[in-house]
Amino acid sequence: MRNEELQNAIGALATNNMRMRGGIEGRRLSVLHDTRLIPDHAYSQMTTQELREMHGEATDEEKHYKANSIALLNKKLVDYDGSQDDSVLATLLILCLFHVCDSGFTKFKTQLAGVQKLLSLRDRTVRSEFVGWIETFFTWFDVMTAAVNDREIEVRGDSLDMMNLSANLGALEHHSGCEGRLFKLIARLGRLNLLSQNRPVRDNDDTPTSSPRPKKVKDFYSFSFDHMDGNGWGTPINEHVDPFTSARDDPRSEFWSEWNDLRIRLQEWEFPSPGDMHSTSCEATSSMLAMSPEQAALFHISESFRYAALLYTERLAQPTLPASALNFQNLVSQGLYHISQIGMTSCVNKFLLWPLFIIGTECVDPEHRAVVRQRCVEIQRESGFFNNLSGLEVLERVWREDDEWSDGDVQVPRQNGPFSTVQHPFRWRRAMDRVDGEYIVI
């Protein structure tokens, strides 16, 4: 590895990650000898000050590595041949991970546009395993981020065969911890959220469907690499404006049409039985008993994603109903059950932040909140990525404001409650609103 910009990016990420790991040792949760038990102190809310103390201040070494990496990257991008080097894509990926580790938010749309532009300049007839891996990685980031940041996915439907709901995603499942067909359904949530708010969306021929459609070749990005900065490398960015659908007589009809289609697919989705994608439900039940611990963990994490997605759609359909309503709490309980079946030391534990965040938003029971809190802190302790705690900070704010506002009456509509309006169903949006980037909940 002789590329200085990549070496410095790795140095920045490594030193940052070591600081983040050290900041949480001995705080709140140490290594649990019995992971079935939740310590008493996990039931109390985490204050912003406590979370900030876990974060700490950047070291001079981190700042040095990061600044050097960005300067060297900008220099390399000036030259066309230099911009085609695989190390450029790798550096962009590592710098993206740096911001996820350091703060949990970044100018991801700008970063993705830069990667797309670099990929578009390459000979697309020559495919490499590395480039495919880069596309897979950023697709995962895009889908998970769009659902919580009020936008559609940027990756187009013909990427990674995202339009074919009957096909799996192969390597992408190792990134997301989520079964491939289910991942494609989750990719539709961001668009559905915009439709629920009567906000403009792209023509729905990019929406994943049950059968593949002809691939389209379009240039959706125009990106300038001038004046890149450390958080998003994005000033200025000139993006080609996507075509939006024209005004409709009844825009909510499109929302309900897509809502019903997605809801049915989520309800009917079943985890594939080992070695047989088309077994009967009886056979699938029997095969569940023969699952290895690794297969069982993948089953439970996929189910936690599914119940989180169902809860997401339920909130879109009932934007003013209190979180204490039974339809929400039943889904919360189901999702947390599957999360509880995944051991703290499981290799898929690190993928739980997205379902924890979606499910956690609707938690009203102190024990449920404690489960979410414990998992977020434990994942942070294991991974050293601060996005787990920045996501928890949003949840703590939602819970605190919700407790202050709520009078416990399920019949009282929430349109004037905290973090919720008739126009926006999700209580996390005001709590996480940022002007300098998106929260990365992965």
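First residue of the sequence shown? That's 555 in this note's numbering, and the numbers climb one at a time after it.
Heads up, the beta-carbon is just placed ideally off N, CA and C, and yes, glycines get one too.
Collapsed DSSP secondary structure at residue i in the structure displayed
i: F809; result: helix
i: E955; result: helix
i: R929; result: helix
i: L910; result: helix
i: D780; result: In this prediction, D780 scores a pLDDT of 46, lower than 50, which makes its location untrustworthy; the coordinate-derived value is nonetheless stated afterwards. D780: coil per DSSP, three-state reduction.
i: R756; result: strand
i: S708; result: First, the residue type needs correcting, since residue 708 is Glu and not Ser in the sequence shown. E708: coil per DSSP, three-state reduction.
i: F659; result: strand
i: E916; result: coil
i: S827; result: strand
i: E683; result: helix
i: E947; result: helix
i: E733; result: coil
i: E936; result: helix
i: E607; result: helix
i: L567; result: helix
Start and end residues, alpha helix (DSSP H) containing residue i
i: E622; result: Correcting the residue type first, residue 622 is Asn in the shown sequence and not Glu. Note, N622: alpha helix (DSSP H), 614-631.
i: M986; result: 982-986
i: G889; result: 880-894
i: D635; result: 634-637
i: S856; result: 847-871
i: L746; result: 743-750
Beta-carbon proximity check, residue i vs residue j, cutoff 8 angstroms
i: F684; j: D640; result: yes
i: V952; j: W908; result: no
i: E857; j: L885; result: no
i: S887; j: A851; result: no
i: A741; j: V697; result: yes
i: C917; j: V931; result: no
i: N942; j: I994; result: no
i: K620; j: G991; result: no
i: L820; j: L739; result: yes
i: L865; j: I912; result: yes
i: V709; j: T693; result: yes
i: M574; j: F905; result: no
i: L560; j: T645; result: yes
i: L949; j: G897; result: no
i: F809; j: S750; result: yes
i: M744; j: R806; result: Just to set this straight, residue 744 is Gly in the shown sequence, not Met. Contact flag unset, no.
i: K630; j: S637; result: yes
i: G731; j: V902; result: yes
i: L746; j: E812; result: yes
i: L605; j: E936; result: no
i: I624; j: L567; result: no
Pairwise C-alpha distance: residue j and residue i
i: D957; j: G565; result: 43 angstroms
i: Q895; j: E733; result: 17 angstroms
i: L890; j: F859; result: 10 angstroms
i: F980; j: P873; result: 7 angstroms
i: L651; j: L626; result: 18 angstroms
i: A863; j: I933; result: 21 angstroms
i: I688; j: N703; result: 22 angstroms
i: S944; j: E611; result: 15 angstroms
i: S657; j: N570; result: 10 angstroms
i: S974; j: A871; result: Note on S974: pLDDT 44, under 50, position unreliable in the model; the coordinate value appears next. S974 and A871: Cα-Cα distance of roughly 14 angstroms.
i: P754; j: N557; result: 43 angstroms
i: L816; j: E616; result: 44 angstroms
i: A563; j: M608; result: 23 angstroms
i: N814; j: R984; result: 27 angstroms
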